[in-house]
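Let me begin by presenting the structure, written as structure tokens, before commenting on it.
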Amino acid sequence: MVAYLDAAATTRVLPEVAEVVLHWMSQDFGNAGSRTHEYGTRAKRAVARAREGIAAHFSARPDELIFTSGATESNNIAILGLAPFGAKSERRHIVSTAIEHKAVLEPLEHLQSQCFEVELIEPGPSGRVSAEAVLERLRPDTLLVSVMQVNNETGIIQPVAELAEHLRSTATYLHVDAAQGFGKLPDDLRAPIDLVSFSGHKIGAPKGVGGLLIRRRGRDSVPLTPLMYGGGQERKLRPGTLPVPLIMGLSKALEVFESERTQWLQAASEFRARLLEGLGKTRFNLHGDQEHVVPHILNLSFEGVDTEALILQLKNYAAVATGSACTSASYTPSHVLAAMGLPQEQASNGLRLSWFPDQAQALDVDEFASIIAEYQAGIAPVSSS
Numbered sequence: 001m002v003a004y005l006d007a008a009a010t011t012r013v014l015p016e017v018a019e020v021v022l023h024w025m026s027q028d029f030g031n032a033g034s035r036t037h038e039y040g041t042r043a044k045r046a047v048a049r050a051r052e053g054i055a056a057h058f059s060a061r062p063d064e065l066i067f068t069s070g071a072t073e074s075n076n077i078a079i080l081g082l083a084p085f086g087a088k089s090e091r092r093h094i095v096s097t098a099i100e101h102k103a104v105l106e107p108l109e110h111l112q113s114q115c116f117e118v119e120l121i122e123p124g125p126s127g128r129v130s131a132e133a134v135l136e137r138l139r140p141d142t143l144l145v146s147v148m149q150v151n152n153e154t155g156i157i158q159p160v161a162e163l164a165e166h167l168r169s170t171a172t173y174l175h176v177d178a179a180q181g182f183g184k185l186p187d188d189l190r191a192p193i194d195l196v197s198f199s200g201h202k203i204g205a206p207k208g209v210g211g212l213l214i215r216r217r218g219r220d221s222v223p224l225t226p227l228m229y230g231g232g233q234e235r236k237l238r239p240g241t242l243p244v245p246l247i248m249g250l251s252k253a254l255e256v257f258e259s260e261r262t263q264w265l266q267a268a269s270e271f272r273a274r275l276l277e278g279l280g281k282t283r284f285n286l287h288g289d290q291e292h293v294v295p296h297i298l299n300l301s302f303e304g305v306d307t308e309a310l311i312l313q314l315k316n317y318a319a320v321a322t323g324s325a326c327t328s329a330s331y332t333p334s335h336v337l338a339a340m341g342l343p344q345e346q347a348s349n350g351l352r353l354s355w356f357p358d359q360a361q362a363l364d365v366d367e368f369a370s371i372i373a374e375y376q377a378g379i380a381p382v383s384s385s
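Residue numbers (full-length UniProt numbering): 1 to 385.
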């Protein structure tokens, strides 16, 4: 059996979640917008319960949460939706980081074409952008700061809670892409962050569902403009029929994950330690500050090894990736590792190992490490030119 070590890309749907989704697809299949019969009423009530439970995860109110198709859509609503207000108020300056997911970087690139000024901070070898580096770039016309909670390639945790405390008293809004930290690091997301994007499929929910938290500042809501129109669902920011089965699956996945988080984090840490011990027979470089990293993501490069070729050697043993699933078709160096200033050989050959503990147990760590060591010993060093 091939061990699954690409959980940062997606996870399998939990069995209890699949059961819930099937129920709301085949039995209570009503439209939550239908108000004239019991099918619609049950769906509407279920969505309200799900919204309340998920909002509580952020210590937020239910009316501060809208459901979306996932973090990519939420990022676009948050970033592009704030642009009209920025243009109207002549606040066109945005601060972000060079290690963001493309779902943030590409909307920012679009705003640059619309005469917005975007500053991208490079974190250096630690992979962690300091709060000070962000705050020192603030200006009177700074509309938005966008910093991810956990980097999807390195697993390095960014200081988003610290930023939230500083920015709350300013006119600058804070957006956090929490796709990798949702469910796993809840305390950070309970800080006064204005906009939080998340997906469900990183914690065992189906693909295609997530949300955007839009926190109020007192009575004031973040002044977002909708990107689409046609029905006014979800606070008139996101039209369309609510996908009740997916929402209920998301709610169930979070419920399960919250009940098992402590044990999950411990098991993920134990697997990490076992994996690193086994890899001791190889020559590798770890990427990023290992004091500020989630326990289930490991980014490294093996000395003298072309990672794409190595992945082919490992395909019958483990499912692994070079980085973001959204850019895995590209063989260019990782923009994250490049922004960290790593040598070209490392930046071009980063390997991401990520896991749900139960899905990684099939891996024979000693055999996995031996394959890498043998491959490493049997080829000529890769040129760094």
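Backbone N, C-alpha and C define an ideal beta-carbon position, used for all residues, glycine too.
- [ ] Indicate the three-state DSSP secondary structure (helix, strand or coil) for arginine 12 in the structure shown.
- [x] Stepping through the sequence shown from its first residue, residue 12 is reached at position 12. Arginine 12: coil per DSSP, three-state reduction.
Task: Inter-residue spacing [alpha-carbon to alpha-carbon] between proline 123 and isoleucine 214 - done: Walking along the sequence shown from the start, residue 123 turns up at place 123. Walking along the sequence shown from the start, residue 214 turns up at place 214. In a straight line, the C-alpha of proline 123 is about 27 Å away from that of isoleucine 214.
- [ ] Report the rounded CA-to-CA distance for serine 130 versus valine 160, giving the unit in angstroms.
- [x] Here residue 130 refers to the residue found at position 130 of the sequence shown. Here residue 160 refers to the residue found at position 160 of the sequence shown. Cα-Cα distance, rounded: 10 Å.
Open item on the list: For proline 381, count the other beta carbons within 10 Å of its own beta carbon; 16 or more makes it buried, fewer makes it exposed. Which is it?
Closed with: Here residue 381 refers to the residue found at position 381 when the sequence shown is read from its first residue. In this prediction, proline 381 scores a pLDDT of 46, lower than 50, which makes its location untrustworthy; the coordinate-derived value is nonetheless stated afterwards. So proline 381 ends up on the exposed side.
Task: Euclidean distance between Cα positions of leucine 279 and isoleucine 311 - done: Here residue 279 corresponds to residue number 279 of the sequence shown, with the count starting at 1. Here residue 311 corresponds to residue number 311 of the sequence shown, with the count starting at 1. Between leucine 279 and isoleucine 311, the C-alpha separation is close to 15 Å.
Task: Contact belief for glutamine 376 with phenylalanine 302 at Cβ below 8 Å, rounded distance in angstroms - done: The count along the sequence shown starts at 1 and reaches residue 376 at position 376. The count along the sequence shown starts at 1 and reaches residue 302 at position 302. The Cβ separation is near 6 Å, so the contact holds.
Task: DSSP three-state assignment for phenylalanine 67, whether helix, strand or coil - done: The count along the sequence shown starts at 1 and reaches residue 67 at position 67. In the structure shown, phenylalanine 67 sits in a strand (DSSP, three-state: E or B).
Open item on the list: Only counting the same chain, and skipping five residues up and downstream in sequence, which positions put a Cβ closer than 6 Å to that of alanine 309?
Closed with: Taking the sequence shown and counting its residues from 1, one reaches residue 309 at position 309. Within the same chain, no residue comes within 6 Å of alanine 309 by CB-CB distance, once the 5 residues on both sides are set aside.
- [ ] Would you mind stating whether residue 389 and valine 336 have Cβ atoms separated by less than 8 Å?
- [x] Nothing in the structure corresponds to residue 389, since the chain is present only between 1 and 385.
Task: Cross-strand partners of residue 391 (DSSP beta bridge) - done: Outside the displayed span of the chain (1 to 385) sits residue 391, for which this structure offers no information.
Task: Cβ neighbour criterion (16 or more within 10 Å) applied to serine 113 - done: Numbered from 1 along the sequence shown, position 113 holds the residue referred to as residue 113. Exposed is the call here.
- [ ] Give me the Cβ distance between alanine 321 and arginine 352, rounded to the nearest whole Å; I'm assuming they're in contact under 8 Å.
- [x] The residue given as residue 321 occupies position 321 in the sequence shown. The residue given as residue 352 occupies position 352 in the sequence shown. Contact between alanine 321 and arginine 352 is confirmed by a C-beta separation of about 5 Å, below the 8 Å threshold.
Task: Contact belief for leucine 144 with threonine 170 at Cβ below 8 Å, rounded distance in angstroms - done: The sequence position of residue 144 within the sequence shown is 144, counting from 1. The sequence position of residue 170 within the sequence shown is 170, counting from 1. That belief does not hold up - the Cβ atoms of leucine 144 and threonine 170 are roughly 11 Å apart, past 8 Å.
Task: Host beta strand (DSSP E) of arginine 352 (start-end) - done: As a first step, residue 352 is located in the sequence shown; it is residue number 352 there, counting from the start. Secondary structure note for arginine 352: its beta strand (DSSP E) is the uninterrupted segment 351 to 354.
Task: Inter-residue Cα distance where the pair is serine 34 and threonine 41 - done: Taking the sequence shown and counting its residues from 1, the one referred to as residue 34 is at position 34. Taking the sequence shown and counting its residues from 1, the one referred to as residue 41 is at position 41. When rounded, the separation of the alpha-carbon atoms in serine 34 and threonine 41 is 7 Å.
TODO: For phenylalanine 302, name the three-state secondary structure that DSSP assigns.
DONE: On the sequence shown, position 302 is the one that residue 302 refers to. Here phenylalanine 302 sits in strand by DSSP.
TODO: Leaving out five residues on either side along the sequence, give the residues of the same chain with a beta carbon under 6 Å from the beta carbon of arginine 91.
DONE: Within the sequence shown, the letter at position 91 stands for residue 91. So the qualifying residues of the chain are Asp141, Leu143.
Task: Separation of lysine 281 from glutamate 19, as counted between CA atoms - done: Locating residue 19 in the sequence shown gives position 19, counting from the first residue. Locating residue 281 in the sequence shown gives position 281, counting from the first residue. If I take the Cα positions, the gap works out to 43 Å.
Open item on the list: When you compare the segment 22 to 29 with the segment 234 to 251, are there three or more beta-carbon pairs, one atom per stretch, that lie closer than 8 Å?
Closed with: For the pair of segments examined, the segment 22 to 29 was found to touch the segment 234 to 251: the number of CB pairs separated by less than 8 Å reaches three.
Task: Cβ neighbour criterion (16 or more within 10 Å) applied to serine 328 - done: Within the sequence shown, residue 328 is the residue found at index 328, counting from 1. In this predicted model, serine 328 has a pLDDT of only 47, less than 50, meaning its place in the structure is not dependable; the value taken from the coordinates is given anyway. Exposed, since its Cβ has fewer than 16 Cβ neighbours within 10 Å.
TODO: For the beta strand (DSSP E) containing histidine 93, list its first residue and its last residue.
DONE: The count along the sequence shown starts at 1 and reaches residue 93 at position 93. 93 to 97 is the extent of the beta strand (DSSP E) around histidine 93.
- [ ] Please specify which runs of the beta strand (DSSP E), each continuous and at least 3 residues long, are wholly inside the segment 104 to 166, giving them in chain order.
- [x] Secondary structure in the segment 104 to 166: the beta strand (DSSP E) runs of 3 residues or longer, each lying completely within the stretch, are 117 to 121, 142 to 146 in chain order.
- [ ] Confirm, please, whether the CB-CB distance from leucine 212 to isoleucine 77 is below 8 Å.
- [x] Translated into positions along the sequence shown, residue 77 becomes position 77. Translated into positions along the sequence shown, residue 212 becomes position 212. A contact, by the Cβ cut-off of 8 Å.
Open item on the list: Check this for me: beta carbons of histidine 296 and serine 259, under 8 Å apart or not?
Closed with: The residue labelled residue 296 in the question sits at position 296 within the sequence shown. The residue labelled residue 259 in the question sits at position 259 within the sequence shown. No.
TODO: Look at leucine 286 and leucine 265 and say whether their C-beta atoms are less than 8 Å apart.
DONE: Start at 1 with the first residue of the sequence shown, and residue 286 comes out as number 286. Start at 1 with the first residue of the sequence shown, and residue 265 comes out as number 265. No. Outside cutoff.
Task: Range covered by the beta strand (DSSP E) that runs through valine 293 - done: The residue labelled residue 293 in the question sits at position 293 within the sequence shown. Taken as a continuous stretch (DSSP letters only), valine 293 belongs to no beta strand (DSSP E), as it is neither H nor E.
Open item on the list: Can you find the residues in the same chain that come closer than 6 Å, C-beta to C-beta, to alanine 103, ignoring five residues on each side of it along the sequence?
Closed with: Here residue 103 refers to the residue found at position 103 when the sequence shown is read from its first residue. These residues qualify, in order along the chain: Thr72, Asn75.
Open item on the list: If you measure between the beta carbons of serine 126 and aspartate 289, is that distance less than 8 Å?
Closed with: Translated into positions along the sequence shown, residue 126 becomes position 126. Translated into positions along the sequence shown, residue 289 becomes position 289. Against a cut-off of 8 Å, the Cβ pair of aspartate 289 and serine 126 comes out as a contact.
Open item on the list: Please return the same chain residues whose Cβ sits closer than 8 Å to the Cβ of proline 62, not counting the five positions on each side in sequence.
Closed with: Walking along the sequence shown from the start, residue 62 turns up at place 62. Here the set comprises Ala48, Arg51, Glu52, Ala55.
Open item on the list: Measuring straight from C-alpha to C-alpha, what distance separates glutamate 345 and leucine 195?
Closed with: Translated into positions along the sequence shown, residue 345 becomes position 345. Translated into positions along the sequence shown, residue 195 becomes position 195. Distance between the alpha carbons of glutamate 345 and leucine 195: 36 Å.
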